[in-house]
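Sequence positions in the sequence shown follow mature numbering (1 follows the signal peptide of the UniProt record, and there is no 0) and run -20 to -1, 1 to 77. Ideal Cβ positions, reconstructed from N, Cα and C, are used throughout, including at glycine.
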Amino acid sequence: MPRQLLCLALLTLCSGLVQAGSMRCGTQLVSEGDRAFEVERKCGEPTYRDLVGYTLGSYDRREFKIEEWVYGPNNGMLSILTFEGNRLIRIETRRGR
């Protein structure tokens, strides 16, 4: 039983590493950690751009803007990019409705 739990835990950990930390824009690639201007240069203007809110930095008391940019739909899929303080922190894909 403990061995099965260990295997399940390792499988869960590995599946998290496979999730998209990057997105292709034509021949260009954007990745988590890229700056907003780099993403816009490579992917163009997003279809939608929403201000989600603000958060405080973890090391200091500076306030950072949180934005979501939406690209697509491409082949029925939307790409939702989340920026915190002008840094790309998350890339999600979702079936467009």
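Would residue i and residue j be called neighbours here (beta carbons separated by less than 8 Å)?
{"i": "V19", "j": "L58", "result": "no"}
{"i": "Y34", "j": "E43", "result": "yes"}
{"i": "R67", "j": "G13", "result": "yes"}
Would residue i be called buried (16 or more neighbouring beta carbons within 10 Å of its own) or exposed?
{"i": "L31", "result": "exposed"}
{"i": "Y51", "result": "buried"}
{"i": "I71", "result": "buried"}
{"i": "L36", "result": "exposed"}
Can you give me the C-alpha to C-alpha distance between residue i and residue j, rounded to a whole angstrom?
{"i": "R74", "j": "T27", "result": "15 Å"}
{"i": "A16", "j": "G76", "result": "23 Å"}
{"i": "C23", "j": "Q8", "result": "8 Å"}
{"i": "residue 84", "j": "G56", "result": "Here the chain comprises residues numbered -20 to 77, so residue 84 is not present and cannot be evaluated."}
Please determine, among the options, the residue with the shortest C-alpha to C-alpha distance to residue i.
{"i": "G65", "options": "G56, E48, G76 and T7", "result": "E48"}
{"i": "G6", "options": "N54, E72 and I69", "result": "N54"}
{"i": "R21", "options": "R4, D40 and I46", "result": "R4"}
{"i": "R29", "options": "S11, R41, I46 and G1", "result": "I46"}
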